[in-house]
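Engineer: Under the working numbering, residues 1342 to 1595 are what the sequence shown spells out, in order.
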Amino acid sequence: MKKFFSVLIFVFLISTAVYAQNEVRTTDICAYINNYPISTYNLNNQTAVYASALKNYGFNVEWNANERRVDITLSDKQISGTDDAVYRFDKSDAGKVVSAASDTDIVTYVNGKKTESFNINGYTVIYVSALKELASVAWDGEKRVANITIPSKNMKDFEFVPYKYDFEIEVPMLENTVDVKRIGAEKCDDGMIYKYDGEKIYLEQVAKYITLMKNNGFICLDDPSVPEDEVAFKKGAHSVVLYLDGSVLCLKLS
């Protein structure tokens, strides 16, 4: 398989948990702006986004250093979204603390209305609900998504962003780029093995996954010690191996 692959080489968070103030947690909720997914976090039991990320979603985000002020308005540009991986977490991994938000002296305005904002690692973060000043904001409990709609902007077809991130060692799951059913997962001596229906995997999809891994800092190894029916990745102390076991496609994380 090695040769085979080398050819292509917010808002309405429903929760009963009580969290400490300003803790940033993983969430299985994803927000969409005109059906373009955007990364979110759980902040104080609300869905939050980075203000700077909104630049690719039909908004102007202007910084006034003298006044220490951020202004968010609608731009005259259409929505492009981002090529970065958009993470949402499996329910079993949702709610884990990843960092802390701090209060900030920066004042943020959405369409001229002052809104609550926070500082996370030097970046301004706002609640998705604040965007109601410029767009409609709705909650879809079945899909667990926050839908933000800007009528004047381009709309794309809705594509569900699956649960796709192994929280333990920060590995994007195969579901990121492949519409495939996970048929099982099991612990092994040195990590986890996720199993998929290998009969529904295509070269183009695997190539997209290889690109996604590279975008997330993993190196695709061209190692003679790696069997020909495997593709191996490395990032720091972590390794990921993609291989076939009969008709089952396996993703081993260690």
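Where a beta carbon is used, it is the ideal one built from N, C-alpha and C, also for glycine.
Does the distance from the CB of residue 1497 to the CB of residue 1377 come in under 8 angstroms?
Structural biologist: Position 156 of the sequence shown, counted from the first residue, corresponds to residue 1497. Position 36 of the sequence shown, counted from the first residue, corresponds to residue 1377. In this structure, residue 1377 lies closer than 8 angstroms to residue 1497 by Cβ.
Engineer: Using only the heavy atoms of the ligand ATP, determine whether one of them is closer than 7 angstroms to the beta carbon of residue 1475.
Structural biologist: The ligand content of the structure shown is nil, which means the ligand ATP is not present either.
Engineer: Output the distance between the C-alpha atoms of residue 1412 and residue 1405, rounded to the nearest integer angstrom.
Structural biologist: Walking along the sequence shown from the start, residue 1412 turns up at place 71. Walking along the sequence shown from the start, residue 1405 turns up at place 64. About 8 angstroms.
Engineer: Hey, how far is the Cα of residue 1382 from the Cα of residue 1540?
Structural biologist: The residue you call residue 1382 lines up with position 41 of the sequence shown. The residue you call residue 1540 lines up with position 199 of the sequence shown. Roughly 35 angstroms separates the two Cα atoms.
Engineer: Which term fits residue 1374, buried or exposed, when burial requires 16 or more other beta carbons within 10 angstroms of its beta carbon?
Structural biologist: Along the sequence shown, read from residue 1 onward, the residue named residue 1374 stands at position 33. Residue 1374 should be labelled buried.
Engineer: What are the start and end residues of the beta strand (DSSP E) that includes residue 1594?
Structural biologist: Counted from its first residue, the sequence shown places residue 1594 at position 253. Start and end: 1589-1594.
Engineer: Using the three-state DSSP reduction, which class does residue 1573 fall into: helix, strand or coil?
Structural biologist: Here residue 1573 refers to the residue found at position 232 when the sequence shown is read from its first residue. If DSSP states are grouped into helix, strand and coil, residue 1573 belongs with the strands.
Engineer: Here's the rule I'm using: 16 or more other beta-carbon atoms within 10 Å means buried, otherwise exposed. How should residue 1438 be labelled?
Structural biologist: As a working mapping, residue 1438 is identified with position 97 in the sequence shown. That one is exposed.
Engineer: Return the Cβ separation of residue 1475 and residue 1451 in integer angstroms, given the expectation that the two are a contact with Cβ distance under 8 angstroms.
Structural biologist: The residue you call residue 1475 lines up with position 134 of the sequence shown. The residue you call residue 1451 lines up with position 110 of the sequence shown. Contact flag correct, Cβ pair sits at about 6 angstroms.
Engineer: Rounded to whole angstroms, how far is the Cβ of residue 1468 from the Cβ of residue 1483, which I believe are closer than 8 angstroms?
Structural biologist: In the sequence shown, the residue the question calls residue 1468 occupies position 127. In the sequence shown, the residue the question calls residue 1483 occupies position 142. Residue 1468 to residue 1483, Cβ: 22 angstroms. No contact.
Engineer: Considering only C-alpha positions, which residue in the set 1494, 1445, 1453 and 1444 is nearest to residue 1402?
Structural biologist: Here residue 1402 refers to the residue found at position 61 of the sequence shown. Taking only the C-alpha atoms, the option nearest residue 1402 is 1453.
Engineer: Mind reading off the beta-carbon distance from residue 1583 to residue 1571? Whole number of angstroms is fine, and I expect it under 8 angstroms.
Structural biologist: In the sequence shown, residue 1583 corresponds to position 242, counting from 1. In the sequence shown, residue 1571 corresponds to position 230, counting from 1. Indeed they touch by this definition, with Cβ atoms about 7 angstroms apart.
Engineer: As a quick exercise: from 1538, 1575, 1530 and 1537, pick the residue whose alpha carbon is nearest that of residue 1551.
Structural biologist: Residue numbering aside, residue 1551 sits at position 210 when the sequence shown is read from its first letter. Among 1538, 1575, 1530 and 1537, the Cα nearest to that of residue 1551 belongs to 1575.
Engineer: Just mark residue 1594 as buried or exposed, buried being the case when its beta carbon has 16 or more other beta carbons within 10 Å.
Structural biologist: By 1-based counting over the sequence shown, the position of residue 1594 is 253. Looking at its Cβ environment, which holds 16 or more other Cβ atoms inside 10 Å, residue 1594 is buried.
Engineer: Along the chain, where does the beta strand (DSSP E) containing residue 1435 start, and where does it finish?
Structural biologist: Walking along the sequence shown from the start, residue 1435 turns up at place 94. Per DSSP, residue 1435 belongs to no beta strand (DSSP E) and is neither H nor E.
Engineer: Can you name, in chain order, every residue of its own chain whose Cβ lies under 8 angstroms from the Cβ of residue 1560, other than the five neighbours on each side?
Structural biologist: Along the sequence shown, read from residue 1 onward, the residue named residue 1560 stands at position 219. Closer than 8 angstroms at the Cβ level, and outside the excluded window around residue 1560, lie 1574, 1575 and 1576.
Engineer: If the criterion is Cβ atoms closer than 8 angstroms, does the pair residue 1502 and residue 1371 meet it?
Structural biologist: One-based indexing of the sequence shown puts residue 1502 at position 161. One-based indexing of the sequence shown puts residue 1371 at position 30. Taking 8 angstroms as the Cβ cut-off, residue 1502 and residue 1371 qualify as a contacting pair.
Engineer: Which residue from 1514, 1522, 1546 and 1422 puts its Cα closest to that of residue 1581?
Structural biologist: What you label residue 1581 is simply residue 240 of the sequence shown in a count that begins at 1. With distances taken between Cα atoms, residue 1581 lies closest to 1514.
Engineer: For a quick check, are the C-beta atoms of residue 1466 and residue 1562 less than 8 angstroms apart?
Structural biologist: Working through the sequence shown from its first residue, we reach residue 1466 at position 125. Working through the sequence shown from its first residue, we reach residue 1562 at position 221. Cβ atoms of residue 1466 and residue 1562: not closer than 8 angstroms.
Engineer: Can you find the residues in the same chain that come closer than 6 angstroms, C-beta to C-beta, to residue 1486, ignoring five residues on each side of it along the sequence?
Structural biologist: Residue numbering aside, residue 1486 sits at position 145 when the sequence shown is read from its first letter. The answer, listed in chain order, is 1371 and 1373.
Engineer: If you count every other CB in all the chains shown that lies within 10 Å of the CB of residue 1488, and 16 or more means buried, which is it?
Structural biologist: Taking the first residue of the sequence shown as position 1, residue 1488 is located at position 147. When all chains shown are included, residue 1488 counts as buried.
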